[in-house]
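Heads up: the sequence lines are chains R and P, in that order.
Just so you know, we're using numbering that gives the first Met the number 0 here: the first sequence kicks off at 0 and counts up by one.
Just so you know, we're using numbering that gives the first Met the number 0 here: the second sequence kicks off at 0 and counts up by one.
Yeah, the Cβ is synthetic: ideal placement off N, Cα and C, and Gly gets one too.
Have a look at the structure below, then the notes.
2 protein chains.
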Amino acid sequence: MAKQPIPYKIYLSEDEMPRKWYNLRADMKEKHPPMLNPATLKPVTKEDLKHVFCSAVVEQELNQTDRYIDIPDEIVSFYKMYRPSPIVRAYCLEKALDTPAEIYYKFEGNNTSGSHKLNSAAAQAYYAKQEGLTSLTTETGAGQWGTALAMACAFYGLDLTVFMVKVSSEQKPHRKEVMRTYGAKVVPSPSDTTETGRKILAAHPDTGGSLGCAISEAVEVAVNTPNCRYGLGSVLDHVVLHQSVIGMEAKTALDKYGVKPDIIIGCAGGGSNLGGLIAPFMGEKLRGEADYRFIAVEPASCPSLTRGKYMYDFGDTGHITPLMKMYTLGSEFMPSPNHAGGLRYHGMSAILSKLYDDKYMDAVSVEQTAVFEAAEKFAKTEGILPAPESAHAIRVAVDEALKCKETGKKKVILFGLTGTGYFDLSAYKKYNDGDMSDYIPTDEEIEKSLETLEPFQPAE
Amino acid sequence: MAKQPIPYKIYLSEDEMPRKWYNLRADMKEKHPPMLNPATLKPVTKEDLKHVFCSAVVEQELNQTDRYIDIPDEIVSFYKMYRPSPIVRAYCLEKALDTPAEIYYKFEGNNTSGSHKLNSAAAQAYYAKQEGLTSLTTETGAGQWGTALAMACAFYGLDLTVFMVKVSSEQKPHRKEVMRTYGAKVVPSPSDTTETGRKILAAHPDTGGSLGCAISEAVEVAVNTPNCRYGLGSVLDHVVLHQSVIGMEAKTALDKYGVKPDIIIGCAGGGSNLGGLIAPFMGEKLRGEADYRFIAVEPASCPSLTRGKYMYDFGDTGHITPLMKMYTLGSEFMPSPNHAGGLRYHGMSAILSKLYDDKYMDAVSVEQTAVFEAAEKFAKTEGILPAPESAHAIRVAVDEALKCKETGKKKVILFGLTGTGYFDLSAYKKYNDGDMSDYIPTDEEIEKSLETLEPFQPAE
Chain R
0 MAKQPIPYKI YLSEDEMPRK WYNLRADMKE KHPPMLNPAT LKPVTKEDLK HVFCSAVVEQ
60 ELNQTDRYID IPDEIVSFYK MYRPSPIVRA YCLEKALDTP AEIYYKFEGN NTSGSHKLNS
120 AAAQAYYAKQ EGLTSLTTET GAGQWGTALA MACAFYGLDL TVFMVKVSSE QKPHRKEVMR
180 TYGAKVVPSP SDTTETGRKI LAAHPDTGGS LGCAISEAVE VAVNTPNCRY GLGSVLDHVV
240 LHQSVIGMEA KTALDKYGVK PDIIIGCAGG GSNLGGLIAP FMGEKLRGEA DYRFIAVEPA
300 SCPSLTRGKY MYDFGDTGHI TPLMKMYTLG SEFMPSPNHA GGLRYHGMSA ILSKLYDDKY
360 MDAVSVEQTA VFEAAEKFAK TEGILPAPES AHAIRVAVDE ALKCKETGKK KVILFGLTGT
420 GYFDLSAYKK YNDGDMSDYI PTDEEIEKSL ETLEPFQPAE
Chain P
0 MAKQPIPYKI YLSEDEMPRK WYNLRADMKE KHPPMLNPAT LKPVTKEDLK HVFCSAVVEQ
60 ELNQTDRYID IPDEIVSFYK MYRPSPIVRA YCLEKALDTP AEIYYKFEGN NTSGSHKLNS
120 AAAQAYYAKQ EGLTSLTTET GAGQWGTALA MACAFYGLDL TVFMVKVSSE QKPHRKEVMR
180 TYGAKVVPSP SDTTETGRKI LAAHPDTGGS LGCAISEAVE VAVNTPNCRY GLGSVLDHVV
240 LHQSVIGMEA KTALDKYGVK PDIIIGCAGG GSNLGGLIAP FMGEKLRGEA DYRFIAVEPA
300 SCPSLTRGKY MYDFGDTGHI TPLMKMYTLG SEFMPSPNHA GGLRYHGMSA ILSKLYDDKY
360 MDAVSVEQTA VFEAAEKFAK TEGILPAPES AHAIRVAVDE ALKCKETGKK KVILFGLTGT
420 GYFDLSAYKK YNDGDMSDYI PTDEEIEKSL ETLEPFQPAE
């Protein structure tokens with residue numbers, strides 16, 4: 000087939016949108032180890048999880064065998080409000096870099112939540128409604144996930160309480176207001192509304208809170224409220240499953256034009272966007288049908304893959320979640336306050352951790368001033384002001400494109416532009432004012448945090 | 000042709016994007032009266048205008064005869080970074096309203112400027128670069144136009160100084176930061192950097208500034224700086240021309256599906272988005288080929304069409320621009336400080352003013368609490384958090400759809416969703432907190448402001 004000229008933006012038609020999520024685990028010869036109950040160090044059961052999450056989500060969480068899972072029609076309809084999202088050919092960035100590389104990005108930011116998070120929020124709220132629940136709880140840090148779940152809950156008519164990391168709720172009053180406009184109740188965390196919150200406040204009255212602590216509070220409320228469950232925006236397998244819609248759309252769009260990426264790059268916090276973006280490509284690699292280089296990009300200030308250890312750890316600070324085997328810095332690790340934006344979770348998706356441990360994927364860490372430099376260049380050439388998280392992927396895409404310039408090799412680079420930076424202008428101000436600095440945790444800091452995990456490792 | 004099912008979003012392909020702007024004036028049997036030099040009350044010449052605007056723009060401003068004007072390839076390429084914009088079928092809003100009406104909106108908010116303003120910014124910056132200029136100046140109130148011109152100037156490598164209404168620059172530090180990220184210099188207005196600014200500051204040291212005053216400062220700097228011109232984001236004929244890309248895309252997309260709107264609704268501040276949206280439809284009406292009902296929606300607090308007079312007035316407060324015949328509240332009119340968002344300009348596009356005066360178009364005014372109520376409903380059902388300006392059009396679209404519910408008539412409604420409200424969360428907070436109120440200026444206020452214009456009316 001003769002190559003067609005590639006437009007600036009490749010949009011699928013609504014008929015071409017995926018009707019199934021792709022379940023990457025089905026193609027992993029070796030699955031990741033199961034979640035454990037911290038009291039018994041035995042695998043958690045469905046029943047354990049069903050106190051916390053709605054049933055459909057628990058089934059998906061534990062389904063390691065079905066390669067495809069149908070997307071209910073109602074969720075497809077919700078997706079149509081903001082999907083398919085475009086694959087953009089970064090013609091202007093290529094020109095500015097004077098690189099022989101072809102650069103593409105899958106842009107997930109064209110919705111009010113400002114990111115890919117809505118893909119899983121739509122599913123989680125839909126299932127909750129289907130099961131007759133009346134409310135959800137969740138936590139949010141940078142705010143995209145809380146906004147996404149607020150939007151989905153407003154659409155399906157569910158109440159939502161969002162525990163927002165206190166320092167974020169103070170620094171990002173506008174994020175909070177978006178959630179309120181969608182009807183969500185936003186509670187700065189730690190709060191005096193939960194036992195965990197009160198304990199943390201008693202010990203650290205001046206704390207700005209953390210994601211791990213907000214998770215503890217949200218789970219506590221969910222399990223103690225009738226007809227209420229908890230929704231999580233990343234890390235877990237069902238979230239990665241929902242996010243596979245990103246990669247499936249991307250692959251369909253690129254296939255239409257005969258484009259095969261050499262390198263696929265995504266930022267990695269909890270891992271859901273990266274897992275979703277790479278899913279169908281990784282599937283081909285796992286099945287031996289094609290090869291790709293995958294690069295997870297994380298902040299140097301919160302480097303779970305590149306400097307963490309592959310151990311069992313809690314999902315939260317309050318230690319009320321099950322244990323997951325993942326690359327982690329330890330659930331007590333706190334990224335430096337000078338770190339801007341998201342990607343501040345101490346652990347990493349169990350799926351991605353396993354794939355990384357099995358060498359199917361590379362990881363690099365980058366410092367934030369270099370990230371914002373790439374963000375600024377991208378904004379000026381491609382017109383989109385990226386989220387700081389997304390700019391991590393931009394940084395490495397630019398670096399790879401510049402390598403191509405040196406070597407003269409024309410590689411095809413695909414990266415995930417997960418969102419926009421419209422609520423991150425305080426961080427941009429710091430950068431514009433020349434007041435941004437980098438921070439790299441010391442080995443001692445990481446070791447100290449990891450030590451606390453030793454009692455929770457099962458015998459080999 | 001059998002009607003195809005209508006998708007949630009109709010995207011044109013890049014090949015289907017317009018290559019020409021449509022010049023509505025060519026089809027107006029009676030043109031609007033010319034701009035006048037305030038000193039002589041004689042029509043301004045090209046030479047007068049070329050001190051202020053770049054030449055290509057002046058030619059377009061005064062071209063009342065060519066029906067189509069080519070869009071340079073370079074501008075088409077710029078447009079491809081964020082266009083074509085979708086026509087969205089508001090299935091979810093229709094369902095929530097339980098109306099037989101079909102509702103469509105043309106969504107111009109999917110770009111970092113957050114609005115349609117980029118359509119004219121791209122053109123003005125391109126022409127400035129072509130003519131060897133090195134910098135532009137402009138003013139901004141709510142901030143969309145300043146952001147749009149900052150993006151376009153960054154892309155073409157031009158310096159930009161934005162005079163930002165002081166109260167806006169204080170209330171919207173994040174808007175300011177977006178412009179800075181794109182390399183623009185943002186000066187709160189009134190400033191001590193211009194003669195007009197110093198005069199106003201001397202007379203009113205505590206003023207929060209106004210759009211009219213910021214225009215005066217920007218023009219003053221442009222005419223006194225080598226290789227510098229001024230760019231305006233609305234009101235003038237060349238801006239309406241550039242914005243015709245909105246209507247042309249909309250018409251092409253709807254024609255593909257055999258959809259003919261009965262009612263076309265847009266918010267109106269200076270008039271450029273409304274003029275652009277309705278352009279090709281109004282062209283058909285002017286040529287007697289089709290009929291549509293057009294509705295301009297303005298805030299009750301700044302009602303130039305519905306309560307202003309059709310007179311000659313200045314474009315700015317400092318009285319350094321030419322006189323334009325337009326519906327106006329008088330260049331000294333200041334909307335109440337309780338008015339949120341844009342749509343606060345005292346006058347209205349000369350083209351739209353003439354069409355309104357000739358009864359080709361209707362106008363209604365709406366109060367802001369009702370506007371935010373519609374915005375909230377829209378956000379919850381359609382997922383997009385609208386700009387307060389755009390929500391004026393939503394309000395009237397909803398009202399018209401509810402009329403259809405009463406009468407049982409199935410009308411087809413098209414409205415312009417000009418932008419997103421991501422930088423308007425202070426206003427949403429006011430609404431969410433129940434602290435928003437309405438303000439309607441008294442007849443005396445308007446009359447007093449209009450009295451000052453009497454010396455500037457030419458003899459009949």
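Alpha helix (DSSP H) segment containing residue i, residue limits
{"i": "residue 279(R)", "result": "271-285"}
{"i": "residue 353(P)", "result": "349-356"}
Residue closest to residue i, alpha-carbon to alpha-carbon, out of the options
{"i": "residue 214(P)", "options": "262(P), 145(P) and 246(P)", "result": "145(P)"}
{"i": "residue 48(P)", "options": "221(P), 442(P) and 434(P)", "result": "221(P)"}
{"i": "residue 169(P)", "options": "423(P), 433(P) and 51(P)", "result": "423(P)"}
{"i": "residue 42(P)", "options": "320(P), 16(P), 258(P) and 445(P)", "result": "320(P)"}
{"i": "residue 351(R)", "options": "156(R), 266(R), 249(R) and 147(R)", "result": "266(R)"}
{"i": "residue 415(P)", "options": "278(P), 304(P), 67(P) and 107(P)", "result": "107(P)"}
{"i": "residue 4(R)", "options": "318(P), 12(P), 92(P) and 395(P)", "result": "12(P)"}
{"i": "residue 141(P)", "options": "46(P), 252(P), 340(P) and 177(P)", "result": "340(P)"}
{"i": "residue 123(R)", "options": "109(R), 105(R), 139(R) and 149(R)", "result": "149(R)"}
{"i": "residue 190(P)", "options": "206(P), 261(P) and 180(P)", "result": "206(P)"}
{"i": "residue 372(R)", "options": "65(P), 272(P), 188(P) and 181(P)", "result": "181(P)"}
{"i": "residue 383(R)", "options": "105(R), 29(R), 17(R) and 27(R)", "result": "105(R)"}
{"i": "residue 73(P)", "options": "40(P), 19(P), 273(P) and 185(P)", "result": "19(P)"}
{"i": "residue 412(R)", "options": "264(R), 130(R) and 332(R)", "result": "264(R)"}
{"i": "residue 192(P)", "options": "217(P), 208(P), 234(P) and 210(P)", "result": "217(P)"}
{"i": "residue 258(P)", "options": "16(P), 91(P) and 86(P)", "result": "86(P)"}
{"i": "residue 329(R)", "options": "318(R), 364(R) and 336(R)", "result": "318(R)"}
{"i": "residue 234(R)", "options": "188(R), 119(R) and 204(R)", "result": "119(R)"}
Opening and closing residue of the beta strand (DSSP E) in which residue i lies
{"i": "residue 371(P)", "result": "Where residue 371(P) is concerned, there is no enclosing beta strand (DSSP E), although the alpha helix (DSSP H) it sits in stretches over 367-381."}
{"i": "residue 310(R)", "result": "308-313"}
{"i": "residue 246(R)", "result": "Not the beta strand (DSSP E): residue 246(R) falls in the alpha helix (DSSP H), residues 236-255."}
Those residues which DSSP pairs with residue i across a bridge
{"i": "residue 265(R)", "result": "295(R)"}
{"i": "residue 362(P)", "result": "295(P)"}
{"i": "residue 134(R)", "result": "158(R) and 227(R)"}
{"i": "residue 385(P)", "result": "419(P)"}
Could I get the ranges of all uninterrupted beta strand (DSSP E) runs contained in the stretch 140-226 of chain P, with 3 residues as the minimum, in chain order?
Residue ranges of uninterrupted beta strand (DSSP E) with 3 or more members, entirely inside the stretch 140-226 of chain P and ordered along the chain, are 158-164 and 184-188.
Ranges of the beta strand (DSSP E) found wholly within the stretch 89-131 of chain P, counting only runs of at least 3
Here the runs fully enclosed are 101-106.
Three-pair Cβ contact test at 8 Å for the stretch 165-176 of chain P versus the stretch 125-135 of chain P:
Short answer: they don't touch.
For the stretch 69-86 of chain R and the stretch 386-399 of chain P, state whether three or more C-beta atom pairs, one from each stretch, are separated by less than 8 Å.
With fewer than three CB-CB distances shorter than 8 Å, the stretch 69-86 of chain R does not count as touching the stretch 386-399 of chain P.
Jot down the residue ranges of each uninterrupted alpha helix (DSSP H) in the stretch 406-449 of chain R, minimum 4 residues, whole runs only, in chain order.
Runs of the alpha helix (DSSP H) inside the stretch 406-449 of chain R: 424-431.
Enumerate, from N- to C-terminal direction, the unbroken alpha helix (DSSP H) stretches of 4 or more residues contained entirely within the stretch 290-340 of chain R.
With a minimum length of 4 residues, the continuous alpha helix (DSSP H) runs that stay inside the stretch 290-340 of chain R are 303-306.
Stretch-stretch touch, CB-based, cutoff 8 Å, three pairs: the stretch 438-456 of chain R with the stretch 190-203 of chain P
The count of Cβ pairs closer than 8 Å, one atom from the stretch 438-456 of chain R and one from the stretch 190-203 of chain P, stays below three, leaving the stretches out of contact.
Can at least three beta-carbon pairs, one atom from the stretch 151-161 of chain P and one from the stretch 234-253 of chain P, be found at a separation below 8 Å?
Contact fails between the stretch 151-161 of chain P and the stretch 234-253 of chain P, because fewer than three Cβ pairs, one in each stretch, are under 8 Å apart.
For the stretch 4-92 of chain R, list the beta strand (DSSP E) runs that are entirely contained and at least 3 residues long, ordered along the chain.
As far as the stretch 4-92 of chain R is concerned, its whole beta strand (DSSP E) runs of at least 3 residues are 19-21, 67-69 and 86-88.
Meets three-Cβ-pair contact criterion under 8 Å: the stretch 46-62 of chain R and the stretch 222-234 of chain R:
Flag = yes, the stretch 46-62 of chain R and the stretch 222-234 of chain R touch.
Taking contact to mean at least 3 C-beta pairs separated by less than 8 Å, is the stretch 285-304 of chain P in contact with the stretch 183-197 of chain P?
The answer is no - the stretch 183-197 of chain P does not touch the stretch 285-304 of chain P, with fewer than three Cβ pairs under 8 Å.
So does the stretch 93-105 of chain R actually touch the stretch 390-406 of chain R, counting three or more Cβ pairs closer than 8 Å?
For the pair of segments examined, the stretch 93-105 of chain R was found to touch the stretch 390-406 of chain R: the number of CB pairs separated by less than 8 Å reaches three.
Okay, do the stretch 303-317 of chain P and the stretch 335-347 of chain P touch, 3+ Cβ pairs below 8 Å being the bar?
In this structure the stretch 303-317 of chain P lies against the stretch 335-347 of chain P, because at least three pairs of beta carbons, one per stretch, are closer than 8 Å.
Taking one C-beta from the stretch 109-129 of chain P and one from the stretch 418-434 of chain P each time, how about it: are there three or more such pairs within less than 8 Å?
Contact between the stretch 109-129 of chain P and the stretch 418-434 of chain P is present: three or more C-beta pairs spanning the two stretches fall below 8 Å.
Are the stretch 353-364 of chain P and the stretch 282-297 of chain P in contact at 8 Å, needing three or more beta carbon pairs?
Output reads yes: the stretch 282-297 of chain P touches the stretch 353-364 of chain P.
So, do the stretch 243-254 of chain P and the stretch 265-279 of chain P have three or more beta carbon pairs nearer to each other than 8 Å?
Yes: at least three Cβ pairs fall under 8 Å.
Does the count of Cβ pairs from the stretch 424-436 of chain P and the stretch 362-371 of chain P closer than 8 Å reach three?
Contact between the stretch 424-436 of chain P and the stretch 362-371 of chain P is established, with three or more Cβ pairs separated by less than 8 Å.
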